[in-house]
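What follows is one structure encoded as structure tokens, with my remarks underneath.
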Amino acid sequence: MAEPNLDQFITALEEGIAGGRFVKLTLAKPRGKDADLKNLYVRPVALKKGARLSFLYRHKTRDVVKNHTVEEGVRLIRELLGAEFLSGHLFMTVQDLRLEFKRRGESHLVKRAPTFTEPQPAEHDRRKRRSIQTAGNVYLQALGVTDERGEVRPAMGDKLRVRRVPARRTRRDFRR
Numbered sequence: 227m228a229e230p231n232l233d234q235f236i237t238a239l240e241e242g243i244a245g246g247r248f249v250k251l252t253l254a255k256p257r258g259k260d261a262d263l264k265n266l267y268v269r270p271v272a273l274k275k276g277a278r279l280s281f282l283y284r285h286k287t288r289d290v291v292k293n294h295t296v297e298e299g300v301r302l303i304r305e306l307l308g309a310e311f312l313s314g315h316l317f318m319t320v321q322d323l324r325l326e327f328k329r330r331g332e333s334h335l336v337k338r339a340p341t342f343t344e345p346q347p348a349e350h351d352r353r354k355r356r357s358i359q360t361a362g363n364v365y366l367q368a369l370g371v372t373d374e375r376g377e378v379r380p381a382m383g384d385k386l387r388v389r390r391v392p393a394r395r396t397r398r399d400f401r402r
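Numbering (our numbering), first residue to last: 227 to 402.
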């Protein structure tokens with residue numbers, strides 16, 4: 227049975243990917259066989275083999291990541307939405323779409339203003355955000371936390387974590 231709301235949602239997804247406006251997709255409210263599965267997050271990534279869709283299956287105690295080609299990923303999303311997941315939220319730079327399925331199979335499509343105005347970076351390997359710059363930091367190198375290239379040594383990662391200091395200090399903070 228053709229579902230017009232699902233077709234419209236998938237068409238918007240395909241156009242968003244082709245036009246570079248696709249930011250991410252969230253599938254929620256699972257009703258499949260896997261009781262541990264909570265959500266499925268899809269985002270575009272650029273790999274050596276070309277553009278792919280990264281599927282992050284979020285379970286209660288673990289995460290599983292699988293990369294699919296765009297065509298394969300869109301086909302998989304079409305199969306999962308309505309059958310395995312009752313809710314889909316598509317984030318694009320031009321608009322957001324939310325598709326909700328009821329238990330009886332009826333669907334409802336809502337269009338909203340965009341949450342994101344720019345697409346997210348598509349790099350697969352993201353640089354870790356740190357509160358202290360490690361590159362060129364002689365002090366950290368002298369302590370043995372970083373190596374000559376400014377990269378954190380594996381055993382010293384916990385030494386680099388810094389506690390957050392409140393922006394406004396009071397007298398109580400300086401009492402002995």
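Glycine included, every Cβ here is placed at the ideal spot set by N, Cα and C.
What residue does the beta strand (DSSP E) around R317 start on, and which one ends it?
Here residue 317 is Phe; the residue named in the question, Arg, does not match the sequence. First-last of the beta strand (DSSP E) with F317: F311 to M318.
Output the boundary residues of the alpha helix (DSSP H) element that contains L253.
Counting along the chain, L253 falls outside any alpha helix (DSSP H), though it belongs to the beta strand (DSSP E) covering F248 to P256.
Rounded distance between the beta-carbons of F311 and L460, thought under 8 Å:
Absent from the model: residue 460. The displayed extent of the chain is 227 to 402, so no value can be given.
The beta strand (DSSP E) with P270 in it runs from where to where?
L263 to L273
Reference V271, options T341, P256, Q234 and H294, closest by Cα
H294
What is the DSSP secondary structure of E326, counted as helix, strand or coil?
strand
Taking 8 Å as the threshold, find out whether the region 333-344 comes into contact with the region 281-288 through three or more Cβ pairs.
no
Select from R329, E344 and S333 the residue whose C-alpha is nearest the C-alpha of Q234.
S333
So, helix, strand or coil for H285, using DSSP?
strand
Assuming L306 and L325 form a contact by the criterion Cβ under 8 Å, report the distance between their Cβ atoms to the nearest whole angstrom.
That belief does not hold up - the Cβ atoms of L306 and L325 are roughly 12 Å apart, past 8 Å.
Tell whether a beta-carbon distance below 7 Å holds between V300 and E240.
yes
Kindly indicate which three-state DSSP category T237 falls into: helix, strand or coil?
DSSP places T237 in helix when its eight states are reduced to three.
How would you call R407, buried or exposed, if buried means at least 16 neighbouring beta carbons within 10 angstroms?
In the structure displayed, the chain extends from 227 to 402; residue 407 sits before or after that span and is not available.
Roughly how many angstroms separate the alpha carbons of R389 and L316, rounded to a whole number?
Its pLDDT being 44, under 50, R389 is placed unreliably in this model, and the coordinates cannot settle the point.
How big is the Cα-Cα spacing for D262 and N363?
44 Å
Buried or exposed by the 16-neighbour rule on C-beta atoms within 10 Å, applied to L369:
exposed
Taking only beta-carbon positions, decide if E305 is within less than 7 Å of chain C.
This model lacks chain C altogether, as it is built from one protein chain only.
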